[in-house]
Amino acid sequence: MAKLLENQGILSQDPGPNYPSALVLSRQNIFQNDLFKSGFFEVQDANSQLIAPFLDVQAGMRVIDACAGAGGKSLHLAALMKNKGTLLCLDKEAYKLNELRNRSSRAGVSIIETRPIESTKTIKRLHRSCDRLLLDVPCSGLGVLRRNPDAKWKLSPSFISEIHTIQAQILSQYSEMLKPGGKLVYATCSILPSENQKQVSSFLEASKNFELEEESTIWPDQKGFDGFYMARLTRKNN
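Under the working numbering, the first residue of the sequence shown carries the number 340, and numbering increases by one thereafter.
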């Protein structure tokens, strides 16, 4: 990929061994580039690219990305699944799913299905239906202030409290879509313990059917990329 970009006058850098699929480009408009339009690559923060592999997907699995948005992590999951299996992408915003469909078509991905979350019935109909579940939940965005500094002005106590409630509800309700023996990843682009470790601890205390397998906080000062938290939980076989 680096050579193809170089042939078009775009220089790239290797961000290091922890980012096997990433190249760092200088700030420029690459969305009009022929390689991008042909689906050769997608644009995503390097640390954000660590979340999809953390879910430990395999080809042929049934996977749900329950807060898919426009699908950056969905497309990464599809690539890790080698475009084999089923990847159901859910979101409350239908326009984001429209963009996801456009992106998946450009990338040549055929395993993605999209479904808007119109009510709690959407989630209930998928009870214990997936092998892997990604919950990239709404958050304060404190891990991405470098790119979005204006976000700090909305960080009122009432806003954070509302976000806490939404995160807890998603983790409690959406986790029911996971099969026994399956794995879920709870992820945020925040570095606040109240949105991360405390949410996971509260969930595990309330739901004895899950156990923590691994968690990681990625600080934005480590590499100059965005900050994230991710926790992988396993549903017990009972």
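No residue lacks a Cβ here, since even glycine has one placed at the ideal position from N, Cα and C.
In this text the structure is predicted, and so the values were computed from the model without any measurement.
Given 8 Å, three or more beta-carbon pairs between the region 522–535 and the region 351–360: no
Touch test, the region 474–484 against the region 436–447, Cβ-Cβ under 8 Å, three pairs minimum: In short, these stretches do not touch, since the Cβ pair count stays below three.
Buried versus exposed call for lysine 522 [16 or more other C-beta atoms within 10 Å across all chains shown]: Along the sequence shown, read from residue 1 onward, the residue named residue 522 stands at position 183. With 16 or more other Cβ atoms from the protein chains shown falling within 10 Å of its own Cβ, lysine 522 counts as buried.
Contact between the region 407–421 and the region 387–395 (3+ Cβ pairs under 8 Å): yes
Straight-line Cα distance separating glycine 348 from aspartate 470: Reading the sequence shown from its first residue, position 131 is the one you call residue 470. Reading the sequence shown from its first residue, position 9 is the one you call residue 348. Their backbone Cα atoms lie some 42 Å apart in a straight line.
Touching by the beta-carbon criterion (3+ pairs, under 8 Å), the region 495–508 and the region 443–458: Here the region 495–508 makes no contact with the region 443–458; the two share fewer than three CB pairs at distances below 8 Å.
Residue(s) in a DSSP beta bridge with threonine 428: Against the sequence shown, residue 428 aligns to sequence position 89. The sequence given here places cysteine at residue 428; threonine does not occur at that position. DSSP output for cysteine 428 lists Asp404, Thr453 as bridge partner(s).
Three or more C-beta pairs below 8 Å linking the region 461–469 and the region 534–547: Between the region 461–469 and the region 534–547 there are fewer than three C-beta pairs closer than 8 Å, too few to call the two in contact.
Contact check, methionine 516 vs leucine 572, beta carbons under 8 Å: Position 177 of the sequence shown, counted from the start, is the residue given in the question as residue 516. Position 233 of the sequence shown, counted from the start, is the residue given in the question as residue 572. No; because the gap between Cβ atoms is not below 8 Å, this pair is not in contact.
Reference glycine 408, options Arg366, Asn386, Glu550, Leu436, closest by Cα: Residue mapping note: residue 408 aligns to position 69 of the sequence shown, counting from 1. Looking at the Cα atoms, Leu436 is the closest of the given residues.
Spatial neighbours of glutamine 383 in its chain, beta-carbon cut-off 6 Å, leaving aside the 5 residues before and after: Locating residue 383 in the sequence shown gives position 44, counting from the first residue. Closer than 6 Å at Cβ, skipping near neighbours: Gly411.
Residue interval of the alpha helix (DSSP H) (run including arginine 486): Numbered from 1 along the sequence shown, position 147 holds the residue referred to as residue 486. That residue, arginine 486, is in no alpha helix (DSSP H); it is neither H nor E in DSSP.
Secondary structure, alpha helix (DSSP H): runs of 4+ residues fully inside the region 346–424: 373–376, 390–393, 411–419
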